[in-house]
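Engineer: Numbering (our numbering), first residue to last: 2 to 558.
(1) What runs of the beta strand (DSSP E), each 3 residues or longer, lie entirely inside the stretch 399-439?
(2) Among the residues of its own chain, which have a CB less than 6 Å from the CB of residue 205, if the five just before and after it don't count?
(3) Exposed or buried, what is residue 448 when buried is set at 16 or more other beta-carbons lying within 10 Å of its beta-carbon?
(4) If residue 531 and residue 341 are in contact, beta carbons under 8 Å, what's the gap, nearest whole angstrom?
(5) Could you tell me the alpha carbon to alpha carbon distance between residue 55 and residue 451, rounded to whole angstroms?
(6) Among all the DSSP beta bridges, which residues are the ones paired with residue 395?
(7) Across the stretch 352-369 and the stretch 319-333, are there enough close Cβ pairs to call them in contact, namely three or more that are closer than 8 Å?
(8) According to the neighbour-count rule (16 or more other Cβ atoms, all chains shown, within 10 Å of its Cβ), is residue 471 buried or exposed?
(9) Can you tell me whether DSSP reads residue 339 as helix, strand or coil?
(10) Does DSSP put residue 468 in a helix, in a strand, or in coil?
(11) Looking only at DSSP bridge pairs, what is residue 156 linked to?
(12) Between which two residues does the alpha helix (DSSP H) harbouring residue 521 extend?
(13) Would you decide whether residue 426 is buried or exposed? Buried here means 16 or more other CB atoms lie within 10 Å of its CB.
(14) Give me the Cα-Cα distance between residue 101 and residue 177, rounded to the nearest whole angstrom.
(15) What residue does the alpha helix (DSSP H) around residue 142 start on, and which one ends it?
(16) If you compare alpha carbons, which of 187, 433, 253, 228 is closest to residue 298?
(17) What first and last residue would you give for the beta strand (DSSP E) that runs through residue 263?
(18) Apart from the five residues just before and just after residue 116, which ones in its own chain have a Cβ nearer than 8 Å to its Cβ?
(19) Looking only at DSSP bridge pairs, what is residue 486 linked to?
(20) Tell me the residue span of the alpha helix (DSSP H) that contains residue 283.
(21) Using CA atoms only, rank isn't needed, just tell me which of 459, 201, 273 is closest to residue 479.
(22) Check whether the stretch 123-137 and the stretch 259-268 are in contact - that is, three or more C-beta pairs closer than 8 Å.
(23) Ordered along the chain, which non-local residues of its own chain (more than five positions away) have a Cβ less than 7 Å from that of residue 522?
(24) Enumerate in chain order the residues of its own chain whose CB-to-CB distance from residue 187 is below 7 Å, with the five nearest sequence positions on each side excluded.
(25) Please confirm whether residue 369 has its beta-carbon closer than 8 Å to some beta-carbon of chain C.
(26) Of the residues 58, 454, 368, 87, which one's Cα is nearest the Cα of residue 446?
(27) Would you call residue 417 buried or exposed, if buried means 16 or more other Cβ atoms sit within 10 Å of its Cβ?
(28) According to DSSP, simplified to helix, strand and coil, what is residue 315?
(29) Compare the Cα-Cα distances from residue 377 to each of 79, 388, 419, 485 and report the closest residue.
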């Protein structure tokens with residue numbers, strides 16, 4: 002008989018789901034070891050409530066067993082956490098109640114036509130390496146049974162072809178826009194793209210002429226209302242977004258199953274969603290993130306407030322953003338804080354321990370709000386103090402790429418600080434597990450731009466890395482100073498260097514903060530939990546508006 006502690010996928014595809022003996026053992030407080038196949042990772046989270054190893058890897062299995070034999074504290078911690086997992090999530094009565102609730106939601110989400118409502122997702126570009134959280138969100142919503150149609154204004158990153166992107170099954174439609182004319186001014190853009198959008202607009206006009214004319218006049222009105230001054234030209238971006246929304250509306254009408262529109266980022270994509278909603282009679286919502294909230298030029302005049310009042314609901318990724326939005330528009334749609342979340346199975350601690358040479362990892366686009374110059378200067382201080390390390394800064398090239406590279410040369414840090422291009426999520430996971438600490442010295446820049454809660458911070462914490470960041474925006478909602486990470490004031494190079502030096506020299510502190518950070522992510526920021534909150538909002542919305550949509554599509558006035 003093959004023991005359940007050594008599970009694998011057989012040549013014919015046979016495998017275990019979640020073996021009941023695991024739940025029984027965990028309920029008794031026993032630490033468990035298994036493999037990361039089938040449904041087992043849904044029960045066992047590596048280094049949190051048990052140990053997982055690759056299937057058919059005898060060396061990894063022996064190493065995991067050795068850790069438990071030699072470390073009674075680890076046995077006790079994993080055993081206690083395993084029992085808590087069973088009590089909180091796998092009690093039989095609780096599971097039956099959840100199943101009943103799921104069936105009820107599924108029936109309630111059906112429209113009067115008997116077809117489950119589909120959500121139209123409107124994005125500026127897809128997929129993007131810097132917006133992997135959107136890819137993860139779409140993937141998980143699909144897994145939860147939600148039907149989506151994706152509309153993207155532009156092609157995403159060619160390199161963004163990770164396993165999550167490839168696993169997405171929702172139909173994706175790119176707008177028929179020429180990328181060549183994007184930066185050539187409004188007249189060349191209009192000359193090139195108007196013929197591409199015209200057929201869709203004629204179709205929408207034919208189906209619902211009154212809606213079309215109302216939306217056209219609204220786009221014209223907003224272009225004058227939101228201009229920078231009375232004597233200046235109207236905002237041409239509204240004409241672009243109106244043309245784009247006409248194509249989306251035509252696609253939605255042809256599909257016939259979309260019941261709600263949702264946009265990511267509250268500037269251009271949400272403007273398209275608002276216009277497309279007016280053209281189709283569909284409600285819309287949006288997720289607000291960072292600079293799209295705080296930069297006035299992205300929502301000139303009172304455009305943000307207009308969108309907030311017209312939306313059905315608003316989602317944002319930090320409590321700080323929620324407070325700002327509610328203060329900006331007290332009579333707007335309800336604002337929900339839903340953290341992006343991290344897949345704690347994909348991002349988990351390395352079983353191999355720390356590298357011999359300390360590795361300081363930082364990830365982000367080379368823009369001012371990331372604070373990379375302060376990280377480079379802090380590395381110079383560490384070098385002067387005699388520390389040996391390698392600092393790796395990964396990110397897509399942007400406005401500060403050359404400046405950061407020049408600063409590295411000026412401070413003679415070429416042998417210790419390296420800039421590397423952005424990478425995929427699958428490759429990034431391995432880099433987290435090879436690092437000693439993760440540092441991201443974010444700042445609020447003069448124009449108001451800032452991060453919310455950078456996803457890379459949460460990913461690093463999920464892998465058990467100790468993190469150092471700054472006490473701005475939503476970051477303190479994730480990182481609690483000296484509890485699960487270290488926080489320093491923004492732009493304070495000496496405080497940053499001191500925090501990094503403390504982690505370099507104190508292995509016990511690294512382990513304590515790393516474990517606490519991992520626990521925080523599992524408790525609050527696990528993507529399965531956060532995405533379920535968003536899924537519930539969508540299901541409620543499609544249910545509430547089903548009858549209205551039926552009548553609206555019937556009249557088409």
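Glycine included, every Cβ here is placed at the ideal spot set by N, Cα and C.
Everything numeric in this text was worked out from a predicted model, so none of it was measured.
Structural biologist: This is what the structure gives:
(1) 418-422
(2) Within the chain shown, residue 205 is the residue found at index 204, counting from 1. For residue 205, where only same-chain residues beyond five positions count, the Cβ hits under 6 Å are 213, 247, 250, 251, 280.
(3) One-based indexing of the chain shown puts residue 448 at position 447. With fewer than 16 Cβ atoms within 10 Å of its Cβ, residue 448 is classed as exposed.
(4) For the purposes of this step, residue 531 is taken as the residue at position 530 of the chain shown. For the purposes of this step, residue 341 is taken as the residue at position 340 of the chain shown. So it is a contact: roughly 7 Å between Cβ atoms.
(5) The sequence position of residue 55 within the chain shown is 54, counting from 1. The sequence position of residue 451 within the chain shown is 450, counting from 1. Computed Cα separation, rounded: 40 Å.
(6) By 1-based counting over the chain shown, the position of residue 395 is 394. Residue 395 pairs with 364, 421.
(7) No: fewer than three Cβ pairs fall under 8 Å.
(8) Counting from 1 along the chain shown, the entry for residue 471 is found at position 470. When all chains shown are included, residue 471 counts as buried.
(9) Residue numbering aside, residue 339 sits at position 338 when the chain shown is read from its first letter. Here residue 339 sits in coil by DSSP.
(10) As a working mapping, residue 468 is identified with position 467 in the chain shown. Residue 468: strand per DSSP, three-state reduction.
(11) For this step, residue 156 is matched to residue 155 along the chain shown. Bridge partners of residue 156: 127.
(12) The residue labelled residue 521 in the question sits at position 520 within the chain shown. First-last of the alpha helix (DSSP H) with residue 521: 508-521.
(13) Sequence index remark: in the chain shown, residue 426 carries index 425 (1-based). It is buried - the Cβ of residue 426 has at least 16 other Cβ atoms within 10 Å.
(14) Numbered from 1 along the chain shown, position 100 holds the residue referred to as residue 101. Numbered from 1 along the chain shown, position 176 holds the residue referred to as residue 177. For residue 101, the pLDDT reaches just 36, beneath the cut-off of 50, and the residue's location in the model is therefore unreliable, leaving the point undetermined.
(15) Looking up residue 142 in the chain shown gives position 141. Boundaries of the alpha helix (DSSP H) around residue 142: 133-144.
(16) In the chain shown, the residue the question calls residue 298 occupies position 297. Taking only the C-alpha atoms, the option nearest residue 298 is 228.
(17) Residue numbering aside, residue 263 sits at position 262 when the chain shown is read from its first letter. 259-265 is the extent of the beta strand (DSSP E) around residue 263.
(18) Along the chain shown, read from residue 1 onward, the residue named residue 116 stands at position 115. Only weak support exists for where residue 116 lies, its pLDDT of 42 falling under 50; the coordinates are left without a value.
(19) As a first step, residue 486 is located in the chain shown; it is residue number 485 there, counting from the start. As computed with DSSP, residue 486 is found in a beta bridge with 482.
(20) For this step, residue 283 is matched to residue 282 along the chain shown. Here residue 283 belongs to no alpha helix (DSSP H), and DSSP marks it neither H nor E.
(21) As a first step, residue 479 must be located in the chain shown, where it is residue number 478. The candidate whose alpha carbon is nearest that of residue 479 is 459.
(22) yes
(23) In the chain shown, counting from the first residue as 1, residue 522 sits at position 521. Counting only Cβ-Cβ distances below 7 Å, and skipping sequence neighbours, we find 343, 345, 459, 462, 463.
(24) Along the chain shown, read from residue 1 onward, the residue named residue 187 stands at position 186. So the qualifying residues of the chain are 237.
(25) No chain C is present in this structure, which holds just one protein chain.
(26) If you number the chain shown from 1, residue 446 lands on position 445. Ranking the options by Cα distance to residue 446, first place goes to 368.
(27) Mapped onto the chain shown, residue 417 falls at position 416. Classification of residue 417: buried, given that the 10 Å Cβ count is 16 or more.
(28) On the chain shown, residue 315 is found 314 positions in, with the first residue counted as 1. In the structure shown, residue 315 sits in a strand (DSSP, three-state: E or B).
(29) The residue you call residue 377 lines up with position 376 of the chain shown. Looking at the Cα atoms, 419 is the closest of the given residues.
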